[in-house]
Amino acid sequence: MTKYQTVARYRDQLITVEVDEPEAVLLIRVSNFDHRKSGITGSIRIGLPDQMQEAAMRRWMRAHVLLGILLISGIYFLFLHAIRADKFRLSFSLLCLLVALRVFLVNGMPQLDALHLSAVNVERIKYIDISLIIPLVVMLVSILFPFEFPRRLLNPILGLFGLLVLVILVAPISMFSYLIPVMFGLYILVCLLFIHVLALAWIRGRKDVPLYTLGFLFLLAGVLYDLAVEVSFLEADSMAQWGMLLFLATFALVYSDNQNQVYRKSEELSAELEMVRNNLESMVEERTEALQTLSRELEQQKKKLEEGNKELRESMLARNRLFAIIGHDVKAPIGYLRQALEMLIDDDLKGEREQKDVLRMMASSAEVTYNLLDNLLVWGRSQTGRLRANPQVFCLLDLVDEGLELVAVGLKEKELKVEVFVNEEHCVNADRDQLFVVIRNLLSNAMKFTPAQGSIVLSSRKNNGQILLSVRDTGIGIPEPILSKIKGNKEQITTQGTQGEKGSGLGLQICREIMETNHGWMEMQSESGKGTTITLGIPSVLRVDVASETSTET
Numbered sequence: 023m024t025k026y027q028t029v030a031r032y033r034d035q036l037i038t039v040e041v042d043e044p045e046a047v048l049l050i051r052v053s054n055f056d057h058r059k060s061g062i063t064g065s066i067r068i069g070l071p072d073q074m075q076e077a078a079m080r081r082w083m084r085a086h087v088l089l090g091i092l093l094i095s096g097i098y099f100l101f102l103h104a105i106r107a108d109k110f111r112l113s114f115s116l117l118c119l120l121v122a123l124r125v126f127l128v129n130g131m132p133q134l135d136a137l138h139l140s141a142v143n144v145e146r147i148k149y150i151d152i153s154l155i156i157p158l159v160v161m162l163v164s165i166l167f168p169f170e171f172p173r174r175l176l177n178p179i180l181g182l183f184g185l186l187v188l189v190i191l192v193a194p195i196s197m198f199s200y201l202i203p204v205m206f207g208l209y210i211l212v213c214l215l216f217i218h219v220l221a222l223a224w225i226r227g228r229k230d231v232p233l234y235t236l237g238f239l240f241l242l243a244g245v246l247y248d249l250a251v252e253v254s255f256l257e258a259d260s261m262a263q264w265g266m267l268l269f270l271a272t273f274a275l276v277y278s279d280n281q282n283q284v285y286r287k288s289e290e291l292s293a294e295l296e297m298v299r300n301n302l303e304s305m306v307e308e309r310t311e312a313l314q315t316l317s318r319e320l321e322q323q324k325k326k327l328e329e330g331n332k333e334l335r336e337s338m339l340a341r342n343r344l345f346a347i348i349g350h351d352v353k354a355p356i357g358y359l360r361q362a363l364e365m366l367i368d369d370d371l372k373g374e375r376e377q378k379d380v381l382r383m384m385a386s387s388a389e390v391t392y393n394l395l396d397n398l399l400v401w402g403r404s405q406t407g408r409l410r411a412n413p414q415v416f417c418l419l420d421l422v423d424e425g426l427e428l429v430a431v432g433l434k435e436k437e438l439k440v441e442v443f444v445n446e447e448h449c450v451n452a453d454r455d456q457l458f459v460v461i462r463n464l465l466s467n468a469m470k471f472t473p474a475q476g477s478i479v480l481s482s483r484k485n486n487g488q489i490l491l492s493v494r495d496t497g498i499g500i501p502e503p504i505l506s507k508i509k510g511n512k513e514q515i516t517t518q519g520t521q522g523e524k525g526s527g528l529g530l531q532i533c534r535e536i537m538e539t540n541h542g543w544m545e546m547q548s549e550s551g552k553g554t555t556i557t558l559g560i561p562s563v564l565r566v567d568v569a570s571e572t573s574t575e576t
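The numbering of the sequence shown is this note's numbering, which starts it at 23 and goes up by one.
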């Protein structure tokens, strides 16, 4: 018999013969010209036709059950993938279909004869099927364990098995039939890789690792069993297909459990979403109200911060102004006093006239210093919010006379004419000491800015329950830009008098604050070169109230 006279068959055969003699001789002729593994593999079973057919039917029934399970699983997951694309579903579906194809080929299903495939093509399909199953298992593991699987090994493994498929397609059976040991070796390497991945998953505490490990053990047991059969260590049917089925079943179980958890979570989220949708309007109103409340609180805090910053800036400006006044306006008069005292002590003055001049200078410096310190005290209380009025009833003319007496020396030196038209019946209800500070400042300013031999006029009149006290001078007046700044109270304005008199720039500011504290007002009118008129509005009372108040004080 030659190679061309043989009919190649690579699957189990059930042959029925009639035996009439008590003894029979069984002669089997086997030829092999191509396949790596030739001849009869395993044992020859002899029995009655019914027994052999029943055994074959049982084997085919098991194969059909296995084939049906795999086909249904593969088609079901392929349908799921068509509904919503998923790498796991696609890989699992293809793996089930490939294992089903192997079951169909290995068990020699009767339907195989209807395909009219040559034995070489059947073997070629078997080898290609095995070469595709392994990379699909690797892909499935990489999908299920993305953080534990070494991604750098995926492409080399897929490339290696792609090369095996190419060899099987183009090589004769005498060559590719020797790839079975190579494939079993690759199966073992893939199992070792799976062990590494599972170990990392155990260490990281994945809850689904026990079932994955059980499925892997089924697969490993089937592969090792078939490897023992391949090397003729055992004589039995293939078990790798059953191990693969259990492997896929555990993977499908874990996947289904995970999907159920996802579905339950989706239902919970849907219920929460429905509740939110039903209560959305009330929730929006509550959130809006809460946001508005928070916004109002933030706005209030912002205003408080702005007020605090404003007060802080004003406090810093007041401090700087106070230091500047003390360092300049207070220091200078005290220096004059010190210089004059040293001249008197050293007796450097030659005559009585010089002594009077020095004493006059000392008196003027003392007066300036006194007025300045008094103003600073009042201004300091106003800056700290402690400027409070203690109103009492008194006659305005008495207060004007006291103020004129205080500046009498200066008025005499400059030969200023003072006219007083204050009605002795005009009485007011105000803090007497604070109002005295106002009148003193106004008289000092009028005296300071009025040239020698000028005039100062004080007058009063009653209007709408108020006494209007006016102080008018014939001095140098105030230019419009400076007058605007003074009225706006924007900054401290300091100017020199007609004889170089210095001031602190606080006088008019203090006068305005005192008048406001005493429920009054102050108005300024001035023209450069023609003088200045300052009018005070003070709450008035009757003369009878003065007597009553005086008797009460007594």
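Using N, Cα and C, we set each Cβ at its ideal position, and we do this for glycine too.
Secondary structure of residue i, DSSP reduced to three states
| i | result |
| --- | --- |
| Ala452 | strand |
| Val219 | helix |
| Gly476 | coil |
| Val41 | coil |
| Lys436 | coil |
| Leu320 | helix |
| Ser199 | coil |
| Thr539 | helix |
| Asn485 | strand |
| Ile504 | helix |
| Gly69 | coil |
| Ser95 | helix |
| Arg226 | coil |
| Leu490 | strand |
| Ser466 | helix |
| Asp279 | helix |
| Leu116 | helix |
| Asp108 | coil |
6 angstroms CB neighbourhood of residue i in its chain, flanking five on each side removed
| i | result |
| --- | --- |
| Phe255 | Since pLDDT at Phe255 reaches only 49, below the 50 mark, its modelled position is unreliable, and the value read off the structure follows with that caveat. Here the set comprises nothing. |
| Leu176 | Ser164 |
| Glu170 | Val219, Leu222 and Ala223 |
Beta-carbon proximity check, residue i vs residue j, cutoff 8 angstroms
| i | j | result |
| --- | --- | --- |
| Gly553 | Arg494 | yes |
| Pro473 | Gly499 | no |
| Glu441 | Val415 | no |
| Leu119 | Gly96 | yes |
| Lys436 | Met384 | no |
| Leu92 | Leu267 | yes |
| Gly491 | Ser548 | Just to set this straight, residue 491 is Leu in the shown sequence, not Gly. No. Outside cutoff. |
| Phe269 | Phe240 | yes |
| Gln263 | Arg81 | no |
| Lys439 | Ser477 | yes |
| Val444 | Leu426 | no |
| Leu465 | Val429 | yes |
| Gly244 | Gly227 | no |
Given residue i as reference, the closest of the options once Cα atoms are compared
| i | options | result |
| --- | --- | --- |
| Ile536 | Thr472, Asn463, Asn486 and Lys109 | Asn463 |
| Phe206 | Leu186, Leu220 and Trp224 | Leu186 |
| Lys507 | Met546, Pro44 and Leu419 | Met546 |
| Leu208 | Asn300, Ile155, Leu291 and Met297 | Ile155 |
| Ala388 | Arg67, Val47 and Leu363 | Leu363 |
| Ile50 | Glu40, Ile210 and Ile66 | Ile66 |
| Lys434 | Gln475, Pro413, Phe471 and Glu446 | Gln475 |
Rounded Cβ spacing between residue i and residue j (contact assumed at less than 8 angstroms)
| i | j | result |
| --- | --- | --- |
| Ser140 | Phe183 | Rounded, the Cβ-Cβ distance is 25 angstroms, inconsistent with contact. |
| Leu158 | Leu117 | 4 angstroms |
| Met579 | Ser113 | The structure shown does not extend to residue 579, since the chain spans only 23 to 576, so no value can be given for it. |
| Val276 | Leu233 | 5 angstroms |
| Ile195 | Glu145 | 6 angstroms |
| Thr540 | Ala411 | The amino acid occupying residue 540 in the given sequence is Asn; Thr does not appear at that position. That belief holds up - the Cβ atoms of Asn540 and Ala411 are roughly 5 angstroms apart, short of 8 angstroms. |
| Leu89 | Ala136 | Their Cβ separation, rounded to whole angstroms, is 15 angstroms, which puts Leu89 and Ala136 out of contact at 8 angstroms. |
| Ile556 | Met544 | 7 angstroms |
| Leu530 | Gly542 | At roughly 14 angstroms, the Cβ-Cβ gap does not stay under 8 angstroms, so Leu530 and Gly542 are not in contact. |
7 angstroms CB neighbourhood of residue i in its chain, flanking five on each side removed
| i | result |
| --- | --- |
| Ala569 | In this predicted model, Ala569 has a pLDDT of only 41, less than 50, meaning its place in the structure is not dependable; the value taken from the coordinates is given anyway. So the list is empty, once near-sequence residues are dropped. |
| Glu319 | none |
| Ser115 | Gly96, Phe99, Leu100 and His103 |
| Tyr149 | Ile190, Phe198 and Leu201 |
| Pro501 | Ser550 |
| Thr576 | Only weak support is given to the placement of Thr576: the predicted model assigns it a pLDDT of 23, under 50, and the value that follows is read from those uncertain coordinates. For Thr576, where only same-chain residues beyond five positions count, there are no Cβ hits under 7 angstroms. |
Beta-carbon proximity list for residue i, same chain, < 8 angstroms, skipping 5 on both sides
| i | result |
| --- | --- |
| Leu421 | Arg454, Leu457, Phe458 and Ile461 |
| Ser562 | His448, Cys449, Val450, Asn451, Lys484, Gly487, Gln488 and Ile489 |
| Leu180 | Pro157, Val160 and Met161 |
| Pro71 | Thr38 |
Proximity test, residue i beta-carbon vs the ligand GTP heavy atom, cut-off 7 angstroms
| i | result |
| --- | --- |
| Ser337 | As far as ligands go, the structure on display features none, and thus does not contain the ligand GTP. |
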